[in-house]
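A.B. asks: Those letters in the sequence shown? Residues 254 to 880, per the numbering used here, in order. Virtual Cβ for every residue (Gly too), placed ideally from N, Cα, C. One structure, pasted below without further comment.
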Amino acid sequence: MVLSPFEASFAPALLVCGAALAILPFCRPDDSRVRVALFTLCIVLGWRYIAWRFAESIPPLAFNAEAIGAWAFVLLEAATTVSSTLAFALMSRVKNRSGEADRHAGWWRPEDPPQVDVLITTYNEEEAILVRTIGGALGIEHPSLRVWVLDDGKRDWLRDLCTRKGCHYLQRPDNSHAKAGNINHALKHLATLTRQPDFVVVLDADFVPHSNFVTRALALFHDPSVGLVQTPQHFFNPDPIQSNLRIGSAYPDEQRFFFDHLLASRDAWGIAFCCGTSSMMRWEGLQAIGGFPTDSVTEDFLVTIRLKERGWRTVYLNERLSDGLAPEGLKEYVTQRGRWCLGMIQIFRGPSGPFSKNPLSLIDRVGLIDSFLYWGVTFPFRFACLFAPILYWWFGISVVNATAPDVITYFVPYFLAAMIALNWTTRGQIIPLLHDVSQMLTMFEIIQAVAVGLVKPKGHKFKVTAKGGQRDRVTVQWGMMRRFGLLAAATAGGMIYAGLADYAPQGGAGDGKVIVLFWSFYNLAALALAMAVCIELPRYRQDERFWTDEQADIELVGRETIGRTRRMRVLDISLGGLRMWGWSMRRRGLRPLSTSRGLGRFRPCWLDRRKALSLCASSKMHRSATA
254 MVLSPFEASF APALLVCGAA LAILPFCRPD DSRVRVALFT LCIVLGWRYI AWRFAESIPP
314 LAFNAEAIGA WAFVLLEAAT TVSSTLAFAL MSRVKNRSGE ADRHAGWWRP EDPPQVDVLI
374 TTYNEEEAIL VRTIGGALGI EHPSLRVWVL DDGKRDWLRD LCTRKGCHYL QRPDNSHAKA
434 GNINHALKHL ATLTRQPDFV VVLDADFVPH SNFVTRALAL FHDPSVGLVQ TPQHFFNPDP
494 IQSNLRIGSA YPDEQRFFFD HLLASRDAWG IAFCCGTSSM MRWEGLQAIG GFPTDSVTED
554 FLVTIRLKER GWRTVYLNER LSDGLAPEGL KEYVTQRGRW CLGMIQIFRG PSGPFSKNPL
614 SLIDRVGLID SFLYWGVTFP FRFACLFAPI LYWWFGISVV NATAPDVITY FVPYFLAAMI
674 ALNWTTRGQI IPLLHDVSQM LTMFEIIQAV AVGLVKPKGH KFKVTAKGGQ RDRVTVQWGM
734 MRRFGLLAAA TAGGMIYAGL ADYAPQGGAG DGKVIVLFWS FYNLAALALA MAVCIELPRY
794 RQDERFWTDE QADIELVGRE TIGRTRRMRV LDISLGGLRM WGWSMRRRGL RPLSTSRGLG
854 RFRPCWLDRR KALSLCASSK MHRSATA
């Protein structure tokens, strides 16, 4: 049987899928040999595709619209492939330090435990947010612990709250250098104390630490070269994509790939970095670098580099040791990502950048280049992918001058290999369409941040990510939706125009027009989802609910049933209440009495701490259930 060119073009893709089905079910995702082989294949197929693009699918370089458009697009593709190559190389290794933390737990002398100071940074957060964070911090299990609330909002009620809770309160006279300046003010105060800390924990105002946070993170400081231990950021509320598309139970939050997998892989190469909250730092190292750097709006990333320049390592403990608030609104989500991007560009342009004269090693510089390429190339390329079909339908400019069989032969195997590798190693956390939507939501702000950071890296203010507030009504982000609507209208309008006018593009796409057609429909689907995310649905609950499954005793307090109890099952719990199943509770006169493990799902403890733990952050049951 003789196959047609179109049928034969599927052979490489089928080979990739067949090999994956035959081999991967018998391998472990943490097997370094399999990871190296898998990601090497992705790199080879990626550069095979790029070689074909330069050799056969672009016109000769000339000063006309089609040549300029095609060459600009293929250069963006090549830059994106460089970024992917670095990311795949990093992902070929992975490091799990839980065993190391187990082996070195309690390395300090019991009679002289290290002094640990917890710094809670706050600016304008509500009392309800701070109450649970303070309660969780005070509930940390460590014999020598101090909790400090660093108030950059000059609020008297917060001073009173700290007095009632029994923690320390610090306020500074100005707000210079934002969060970094707030922390540095606290560090200067700690340096004046008779008992200076040995280690410092940094928490954002909305992050509730688990009771074993210090015990686990401190274990990795058995190595005197470790200057900073970063732990992952987990969230007890859905991010805007999860919330507005109502997919919180089916799709992980946008940060899960980074914290669950990418940062663990960077740690295997020795280039993990500080992400701000939920980190612990060695006091000696902080003093050596003069506190937190203030020449970037992402002071957390920069503190890792400055520590590395002084010989201190940053390591990553991939355990759920705290829970916080994801950005609740789309504006806050976009603002946060824009700040991260600007901070990275500032570092790239500054004295600690990869091309500056500094003590950083080669792998440190590669890690910085990888981070820069993610921000500086990925998002412009995402916009180019949306804009390219529009150029074709309206102006006949083809950025890919190829037939459908050629595209299937060279691009599809690379795409499938990358998706298989990423989803196998991350256990299905990458969904292509939703992944693209998450990038589209922030691409305009990030492209702007890249341009501003490259041209003017200094003089930018720190933008705080707002938390809390009323979100009990539908809010439409019309400005963002308008952008995506215009792109969708231009795409759909161009397709209609080309069809009605019998317009034949002169860009040389040939029978590859079907590829542009598929590309356009994919873009329309992604743009429709992006516009749907711009409709922020109401969040009626004041407190997040968390599932559980355990028994509770209900005391019957009616006149005829006083003293009797009923055993019921707790299904979920929040700061304000719980939901139970079992014996009918329609009658009045029922109240929870106790449970087999304390109140609700938590061990008996004093009231304020119990309220903090009602977030399901600190209970041992929750840790085992989410491990």
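Measure the C-alpha to C-alpha separation of Phe279 and Val289 and round it to an integer number of angstroms.
C.D. replies: For Phe279 and Val289, the distance between alpha carbons rounds to 16 Å.
A.B. asks: Can you tell me whether Ile749 is buried or exposed, with buried defined as 16 or more other CB within 10 angstroms of its CB?
C.D. replies: Result: exposed.
A.B. asks: If you reduce the DSSP assignment to three classes, tell me which class Val708 lands in.
C.D. replies: In the structure shown, Val708 sits in a helix (DSSP, three-state: H, G or I).
A.B. asks: Pop quiz: Gln692 and Arg635 are said to be a contact at Cβ under 8 Å. What is the actual Cβ separation, rounded to whole angstroms?
C.D. replies: Right, their Cβ atoms sit about 5 Å apart.
A.B. asks: Alpha carbon to alpha carbon, how far is Val347 from Pro282? Give it in angstroms, no decimals.
C.D. replies: When rounded, the distance between both Cα atoms is 9 Å.
A.B. asks: Per DSSP, what kind of secondary structure is Ala655 in: helix, strand or coil?
C.D. replies: Ala655: coil per DSSP, three-state reduction.
A.B. asks: Note down, in chain order, each residue of its chain lying with its Cβ closer than 6 Å to the Cβ of Trp565, except the 5 sequence neighbours on either side.
C.D. replies: Within the same chain, Trp565 has close Cβ partners Gly480, Gly538.
A.B. asks: What residue from Ile622, Asp520, Pro666 has the CA that sits closest to Ile303's CA?
C.D. replies: Per the Cα distances, Pro666.
A.B. asks: Does the beta-carbon of Arg469 have 16 or more other beta-carbons within 10 angstroms, so that it is buried, or is it exposed?
C.D. replies: Arg469 comes out buried.
A.B. asks: Are the Cβ atoms of Asp617 and Lys561 separated by less than 8 Å?
C.D. replies: It is a contact, given that the beta carbons lie within the stated cut-off.
A.B. asks: Would Val453 count as contacting chain D if we go by Cβ distances under 8 Å?
C.D. replies: Structure shown: chain D not included; a single protein chain is present.
A.B. asks: Would you list the one or two residues that DSSP bridges to Gly577?
C.D. replies: Answer is Phe488, bridged to Gly577.
A.B. asks: Give me whichever residues DSSP pairs with Arg417 in a beta bridge.
C.D. replies: The partner list for Arg417 (beta bridge, DSSP) is empty, contrary to what the question assumes.
A.B. asks: Throw me the rounded Cβ distance for the Leu440 and Gly544 pair, which I believe falls under 8 Å.
C.D. replies: Confirmed, Cβ separation roughly 5 Å.
A.B. asks: Indicate the three-state DSSP secondary structure (helix, strand or coil) for Gln496 in the structure shown.
C.D. replies: Per the sequence shown, residue 496 should be read as Ser rather than Gln. Ser496 falls in the helix class under three-state DSSP.
A.B. asks: With distances taken between CB atoms, is the gap from Phe554 to Gly596 smaller than 8 Å?
C.D. replies: Contact: yes.
A.B. asks: Would Arg590 and Ile700 be called neighbours here (beta carbons separated by less than 8 Å)?
C.D. replies: Against a cut-off of 8 Å, the Cβ pair of Ile700 and Arg590 comes out as no contact.
A.B. asks: Going by C-alpha distance, which of Met534, Phe316, Ser310, Leu268 is nearest Leu294?
C.D. replies: When only C-alpha atoms are compared, the closest one is Leu268.
A.B. asks: Can you tell me which residues form a DSSP beta bridge with Thr567?
C.D. replies: Leu481.
A.B. asks: Identify whether Ala805 lies in helix, strand or coil by the three-state DSSP scheme.
C.D. replies: Residue state, collapsed to three classes: strand.
A.B. asks: According to DSSP, which residues form a beta bridge with Val400?
C.D. replies: DSSP, once it has assigned bridges, lists Val371 as partnering Val400.
A.B. asks: Which parts of the segment 274-348 are runs of the alpha helix (DSSP H), unbroken and 4 residues or longer, counting only runs that do not cross its ends?
C.D. replies: Runs of the alpha helix (DSSP H) inside the segment 274-348: 285-309, 318-344.
A.B. asks: When the distance is taken between beta carbons, is Arg356 closer than 8 Å to Val568?
C.D. replies: Contact flag unset, no.
A.B. asks: Report the residue from Arg385, Thr818, Phe341, Thr662 whose alpha carbon sits nearest the alpha carbon of Phe263.
C.D. replies: The candidate whose alpha carbon is nearest that of Phe263 is Thr662.
A.B. asks: Which ranges does the alpha helix (DSSP H) cover as unbroken runs of at least 4 residues, wholly within the segment 589-627, from first to last along the chain?
C.D. replies: Fully enclosed alpha helix (DSSP H) runs of 4 or longer: 615-626.
A.B. asks: Using DSSP with H/G/I as helix, E/B as strand and the rest coil, what is Trp410?
C.D. replies: If DSSP states are grouped into helix, strand and coil, Trp410 belongs with the helices.
A.B. asks: Would Asp459 be called buried (16 or more neighbouring beta carbons within 10 Å of its own) or exposed?
C.D. replies: Classification of Asp459: buried, given that the 10 Å Cβ count is 16 or more.
A.B. asks: Residues in the same chain with beta-carbon distance under 8 Å from Phe326, minus the five sequence neighbours each way, listed in chain order, please.
C.D. replies: Closer than 8 Å at the Cβ level, and outside the excluded window around Phe326, lie Ala637, Ala641, Val652, Val653.
A.B. asks: Could you tell me how far apart the beta carbons of Asp370 and Pro450 are, in whole angstroms, since I believe they sit closer than 8 Å?
C.D. replies: About 4 Å separates the two Cβ atoms, so the contact holds.
A.B. asks: Short of 7 Å in beta carbon distance, which residues of its chain neighbour Phe307, apart from the five on each side in sequence? Order them along the chain.
C.D. replies: Counting only Cβ-Cβ distances below 7 Å, and skipping sequence neighbours, we find Val327.
A.B. asks: In three-state terms, what does DSSP make of Asp365?
C.D. replies: Asp365: coil per DSSP, three-state reduction.
A.B. asks: Return the CA-CA distance between Phe774 and Trp677, expressed in angstroms with no decimal places.
C.D. replies: Those two C-alpha atoms are separated by around 27 Å.
A.B. asks: Do you know offhand how far Ile296's Cα is from Phe341's?
C.D. replies: Their Cα atoms are separated by approximately 7 Å.
A.B. asks: Per the DSSP calculation, Thr728 is bridged to which residue(s)?
C.D. replies: Glu789, per the DSSP bridge assignment.
A.B. asks: Which class does Ser532 belong to by DSSP, given the choice of helix, strand or coil?
C.D. replies: In this structure, Ser532 counts as strand in the three-state DSSP scheme.
A.B. asks: What span of residues does the beta strand (DSSP E) with Asp553 cover, start to end?
C.D. replies: First-last for Asp553: 552-562, but that is the alpha helix (DSSP H), not the beta strand (DSSP E).
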